[in-house]
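Student:
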Amino acid sequence: MSASPFLARLNEGRVLVADGATGTNLQKRGLPRGVAGELWVLEKPEEILRLHRDFIEAGADIVLTCTFGGTSVRLEHAGLSGQAEEINRKAVELARQAAKGTSTLVAASIGPTGQLLKPYGPLEEETAVASFASQAKTLTEAGADLLVIETQFDLGEAEAAIKGVRSASMLPLVCSFSFDRGTRTMMGVRPSQAGRQLEALGVDVVGINCGRSLDENFNALKELRAATTLPVWFKPNAGLPRLDDDGCPVYDVTPENMGFYACDWVNAGANVVGGCCGTSPEHLREIAKRVK
Amino acid sequence: MEPVIKEIFDSILEGSQKVTVVKVQEALDKGINPGVILNDGMVAAMAEVGRLFEEGEYFVPEMLIAARAMQNGLAVLKPHLASANVKSQGKVVAGTVKGDLHDIGKNLVCMMLEGAAFEIVDLGSDVTPEKFVEAIRTTGANVVCMSALLTTTMPNMKTTIEALKSAGLRDKVKVMVGGAPLTDQYAREIGADGYAPDASRAVALAKSLLA
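Chains A and B supply the protein sequences, listed in that same order.
With this note's numbering as the guide, the letters of the first sequence map in order to residues 267 to 558.
With this note's numbering as the guide, the letters of the second sequence map in order to residues 152 to 362.
(1) Which residues bound the beta strand (DSSP E) around aspartate 344 of chain B?
(2) Quick one: using the 10 Å Cβ neighbour count with 16 as the cut-off for buried, is lysine 169 of chain B buried or exposed?
(3) Please give the ranges of any beta strand (DSSP E) in the segment 177–203 of chain B, keeping only runs that are unbroken, at least 3 residues long and fully inside the region.
(4) Looking at the C-beta of glycine 380 of chain A, does it have a partner C-beta in chain B at a distance below 8 angstroms?
(5) So, at 6 angstroms on beta carbons, what are the nonlocal neighbours of aspartate 420 of chain A in its own chain, with the 5 sequence-adjacent residues on each side left out?
(6) Can you round the beta-carbon distance between valine 281 of chain A and valine 557 of chain A to whole angstroms, since I take them to be within the 8 angstroms contact cut?
(7) DSSP three-state label for histidine 549 of chain A, please.
(8) Please report the residue range of the beta strand (DSSP E) in which cysteine 441 of chain A lies.
(9) Pull out every residue of the segment 435–452 of chain A whose Cβ sits closer than 9 angstroms to any Cβ of chain B, in chain order.
(10) Using 10 angstroms around the beta-carbon of isoleucine 353 of chain A, count the other beta-carbons present and answer buried if the total reaches 16, otherwise exposed.
(11) In whole angstroms, what separates the C-alpha of alanine 344 of chain A from that of glutamate 158 of chain B?
(12) DSSP on serine 338 of chain A, reduced to helix/strand/coil?
(13) Rounded to whole angstroms, what's the CA-CA distance from leucine 356 of chain B to alanine 226 of chain B? Just pull it up for me.
(14) When Cβ atoms are compared, which residues of the segment 514–526 of chain A fall closer than 9 angstroms to chain B?
(15) What residue does the alpha helix (DSSP H) around glycine 430 of chain A start on, and which one ends it?
(16) Within 10 angstroms of the Cβ of methionine 267 of chain A, are there 16 or more other Cβ atoms? Answer buried if so, exposed if not.
(17) Determine the chain B residues that contact valine 339 of chain A at a beta-carbon separation under 9 angstroms, and present them in chain order.
(18) With contact counted as at least three CB pairs below 8 angstroms, one residue from each stretch, are the segment 230–250 of chain B and the segment 271–279 of chain B in contact?
(19) Please compile the residues from chain A whose C-beta is within a distance smaller than 9 angstroms of the C-beta of phenylalanine 210 of chain B.
(20) Give me the Cα-Cα distance between isoleucine 287 of chain B and methionine 327 of chain B, rounded to the nearest whole angstrom.
(21) So which residues of chain B does histidine 343 of chain A contact, with C-beta pairs closer than 7 angstroms?
(22) Leucine 259 of chain B and alanine 331 of chain B look like a contact to me (Cβ under 8 angstroms); what is the Cβ gap, rounded to whole Å?
(23) If I measure Cβ to Cβ from alanine 318 of chain B and keep anything under 6 angstroms in the same chain, skipping five residues before and after, which residues do I get?
(24) In terms of residue numbering, what span does the beta strand (DSSP E) encompassing glutamate 270 of chain B cover?
(25) Report back the beta-carbon spacing between glycine 525 of chain A and lysine 555 of chain A to the nearest angstrom; my notes put them in contact at under 8 angstroms.
(26) In three-state DSSP terms, what is lysine 174 of chain B?
(27) At 3 residues or longer, what runs of the beta strand (DSSP E) sit wholly inside the segment 386–424 of chain A?
(28) Considering just the uninterrupted stretch of the beta strand (DSSP E) at serine 472 of chain A, what are its terminal residues?
(29) Taking any Cβ of chain A, which residues in the segment 309–334 of chain B have a Cβ under 9 angstroms from it, in chain order?
(30) By the three-class DSSP mapping on this structure, what secondary structure does threonine 449 of chain A have?
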């Protein structure tokens, strides 16, 4: 079996650029309020394709599929139960189609189930593992290059996700946490803890995405970097949003500023950089320009 | 303070469900006023849990375990509260707004409010404006708490407030909002009475709104 192009490029010591936000950009392009992005995989595939192409054109080496909410557990809550396989397969195909003729890699996104695991919530560990395994199986068979378990906040759920994914797929695996209370997750997990535990669980790359402000994410990055020898994935929000008169979020960090910060991320040891909520193709163009 | 009250307080803080239940029963058997057990033991403990959460000492797991111990103790205490003429702080209708299925934050708010001696009517998630209106009308609640995790669903808070106005109920309830994308400014703009950034501060807000 040939080595994966993702890990091969990282091993060469190259900094890779991952894409920007999916959700906030689709909303700007008309995704109605309260609707899961996954619905557009089925109903407006041309918009998903266009966003992937915009990111590739802006310099992304990696695009993430629109499957963040694609576990069966979560889709059921979004009114899309029974459609997990179709959505996940089609989302990978759309990203593959956008990447055609380029060296862009397709990373399949796997987000949290949206429920807390027992004993804190109603979700059984086996249900979670099975749901992650079946999503990973579809994403892998549909032709993803790597899998990204992202926006995690609970080590228990991350472990269930890794277990499920590893039972169904041999693809390179990234696991990324969101430190939504600054440098701790809502469950109290620290970047150093996440780094050590994820490394022990056998993922290929550890990461940070979403979270809160750029400063807080940068502190989390430094702590994570010190705790692991694995490559680090870093996709922070374009800062904390404020809300306009209609209550829509506005991200004040300019594309130029985001690009400026991205140099610091690389200097602090990030190996893959991109952006989460608020990161438009214009932001990503600046990031790519500065770090490549 | 009676030692058993302190033991109730400590057991909730440590999240020792079984100990809480035993100690509440012990306090009742000793003839201690149910209102004292509630306020000096349980409500005080949950206030301390809230403080520790705000300070970043406690996170969601510690808060959930403490709240569960409190709820179990409360189940033992409840039948005695009415006869001892202990009044609730207020009645709260709570729910995650239409289109939004995230209920982790809302559940925490309900638990902390219950821990502060409020009565809770939990409508769950994906709650339509009509359901909020109906629940407020039928229960006579004086507080409504709305939660949203998504920027895409938070405008439904405004829709719900408008539905309350049309139903002639806006003056009967205090409206509180919360959730990751929310801000104080947003709460003011949509005409809510207040915003709380976390479950602990939701309790302080509810109390100040009813004061």
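Positions of the beta carbon are idealized from the N, C-alpha and C atoms, including for glycine.
Tutor: Based on what the coordinates show:
(1) Segment: none, aspartate 344 of chain B is in no beta strand (DSSP E) and carries neither H nor E.
(2) exposed
(3) none
(4) yes
(5) Met453
(6) 5 angstroms
(7) helix
(8) 439–443
(9) Asp446, Arg447, Gly448, Arg450, Thr451, Met452
(10) buried
(11) 44 angstroms
(12) helix
(13) 25 angstroms
(14) Cys514, Pro515
(15) 421–434
(16) Below a pLDDT of 50, predicted positions are generally treated as unreliable, and methionine 267 of chain A, at 45, falls in that range; the measurement from the model is reported next regardless. Classification for methionine 267 of chain A: exposed.
(17) The contacting residues do not exist; valine 339 of chain A stays about 11 angstroms from chain B at best.
(18) yes
(19) Arg447, Arg450, Thr451, Met452, Met453, Gly454, Val455
(20) 14 angstroms
(21) Leu252
(22) 13 angstroms between Cβ atoms; not a contact.
(23) Val284
(24) 270–273
(25) 6 angstroms
(26) helix
(27) 412–418
(28) A small correction: the amino acid at residue 472 of chain A is valine; serine does not occupy that position in the sequence shown. Where valine 472 of chain A is concerned, the enclosing beta strand (DSSP E) stretches over 471–476.
(29) Lys309, Ala331, Pro332, Leu333, Thr334
(30) coil
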